[in-house]
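Structure first, then comments.
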Amino acid sequence: MLTIHGTCPDSRDRLRIGALGTDGDFPDDVVWIDLLNPTPEEDKRVERHLGISIPTREEMHDLEPSEIIYTENGARYMTARVICQSETIVPRLADVTFILTDKALVTVRYDEPGAFNIFLNRATKPGGCGQQPEAVLDGLIEAIVDRAAEVLRGVGDRIDIASRRVFAGRGQDVERGGVYQIVIQKIGQYEHIISNVRESMMSVERVLLFLSANYTRPKKAQTGFSAEWRSAVRDVQAIEEHAAFLSNKLQFMMDATLGLVSIEQNKIIKLFSVVSVALMPPTLIASIYGMNFKTMPELDWQWGYPLAVGLMVLFAVLPYLFFRWKKWL
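Numbers in my numbering are just positions in the sequence shown, counted from 1, shifted up by 2.
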């Protein structure tokens with residue numbers, strides 16, 4: 003789908019959105035061409051209009067690290083990984099290529115990240131976006147960063163809930179191990195989300211650093227965007243630091259959870275050990291009087307059987323009382 007965005011006649015800072023027909027020409031005021039799952043015919047129309055080359059889905063996916071950002075025929079090609087389907091349990095990453103030219107910004111994508119809808123809601127309001135391609139790119143990057151921060155904040159809230167569940171869990175649930183198993187699964191999911199956010203922000207940071215170092219303001223533009231992009235770099239770095247903090251917090255939760263699991267296992271082993279020690283004297287007595295020797299004086303005693311049973315009970319209770327006195331139970 004090919005969608006064009008141009009300046010609205012009644013406001014210089016408001017975008018007009020529309021889909022271009024199969025036979026229509028590009029308007030003179032177009033500032034953003036959004037290619038969502040484009041067909042080869044749509045790619046060729048944009049290439050003829052701007053004199054650039056549109057990468058295919060396979061080319062975007064198979065890019066080498068050195069080819070993620072490059073300049074060709076005066077156009078800047080920048081590919082970033084953007085959080086997609088953030089409403090799911092584990093959001094995934096989508097490749098988005100930004101092609102910045104003097105005439106317009108072209109975005110090539112094969113997924114629908116929520117950041118694009120966020121930006122469109124802002125840009126279609128009065129004063130929401132400027133009429134330069136650089137302004138659209140700046141607004142898109144800002145929306146991508148905001149969306150990543152929102153996803154990270156949601157993960158932080160869920161980590162706090164899981165942490166309280168571990169350290170303030172009910173004894174019955176803890177002893178059954180249900181809490182620990184769920185928390186370990188959640189930790190794996192949260193770490194995957196944080197990893198995706200960090201990977202996305204690293205790719206966005208590369209784009210911003212490239213723009214800050216290589217962007218030159220066009221003659222027709224009254225202002226540049228270097229300051230905005232440097233500010234966005236600081237925002238991205240703050241998100242990366244927050245992601246590192248949450249990752250360390252998850253590592254602490256994992257270590258603490260495994261430690262608590264070991265404690266519960268030790269309790270079970272200690273219980274079996276106590277039972278084994280308590281049953282050793284009765285077992286010894288039963289073994290002695292279970293031997294089939296002919297000459298055993300105790301076998302002729304009238305009170306021999308009650309005495310043997312009493313000794314077994316006595317020597318089973320004494321170790322138990324000793325362990326309780328030592329506070330080992």
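Quick reminder that beta carbons are idealized off the backbone N, C-alpha and C, glycines included. Owing to the predicted nature of the structure, the values given are computational and were not obtained by experimental measurement.
In three-state DSSP terms, what is Tyr322? helix
For Glu114, which of Leu102, Leu122, Ala96 has the nearest alpha-carbon? Ala96
Leu210 to His244, Cα distance in whole Å? 19 Å
So, for Ser214: in the same chain, excluding its five sequence neighbours on each side, which residues have a beta-carbon less than 8 Å away from its beta-carbon? Ser228, Trp231, Arg232, Val235
Hey, how far is the Cα of Val185 from the Cα of Ile290? 51 Å
Alpha carbons only, please: which of Met204, Arg47, Arg208 is nearest the one belonging to Pro29? Arg47
For Lys188, count the other beta carbons within 10 Å of its own beta carbon; 16 or more makes it buried, fewer makes it exposed. Which is it? buried
Asp36 and Thr109 - do their beta-carbons sit closer together than 8 Å? yes
Quick one: what does DSSP say Glu114 is sitting in, helix, strand or coil? coil
Thinking C-beta only, is Gln133 closer than 8 Å to Val33? yes
Report the rounded CA-to-CA distance for Ile241 versus Asn123, giving the unit in angstroms. 23 Å
Secondary structure of Asp97, DSSP reduced to three states: strand
Ala82 beta carbon less than 8 Å from that of Ile101: no
Nearest-angstrom Cα distance between Ile287 and Leu323? 19 Å
Outcome for Arg149 when other beta-carbon atoms lying within 10 angstroms are tallied against a minimum of 16: buried
Cβ neighbour criterion (16 or more within 10 Å) applied to Arg166: exposed
For Val276 versus Phe325, is the C-beta spacing smaller than 8 Å? yes
Provide the residue span of the beta strand (DSSP E) that contains Glu332, from first to last. No answer is possible for residue 332: the residues shown for the chain start at 3 and end at 331.
Pull up the CB-CB distance for Gly292 and Glu300, whole angstroms please, since I reckon it's below 8 Å. That pair is no contact at about 12 Å.
The beta strand (DSSP E) with Leu301 in it runs from where to where? Neither: Leu301 is in no beta strand (DSSP E) and is coded neither H nor E.
For Leu248, name the three-state secondary structure that DSSP assigns. helix
Taking Cβ positions, are Gly141 and Phe121 nearer each other than 8 Å? yes
Based on Cα-Cα distance, which residue from Lys272, Tyr182, Gly158, Glu60 lies nearest to Val199? Gly158
Which value, in whole angstroms, describes the spacing of the CA atoms of Ala106 and Arg50? 13 Å
Report buried or exposed for Ile56, applying the criterion of at least 16 other Cβ atoms within 10 angstroms of its Cβ. buried
Less than 8 Å between C-beta atoms, sequence neighbours within five positions excluded: which residues of the same chain meet that for Glu193? Ser249, Leu252
On the CB-based measure, 16 or more other CB atoms within 10 Å of its CB, does Phe274 come out buried or exposed? exposed
For Thr285 and Met314, I'd like the C-alpha separation in whole angstroms. 8 Å
Quick check: what's the CA-CA separation for Val319 versus Ala280? 7 Å
Just to confirm before moving on: does the CB-CB distance between Ile85 and Val153 stay below 8 Å? yes
By the 10 Å Cβ neighbour count, where 16 or more other Cβ atoms means buried, how is Leu139 classified, buried or exposed? buried
Taking only three categories from DSSP, how would you classify Ala150? helix
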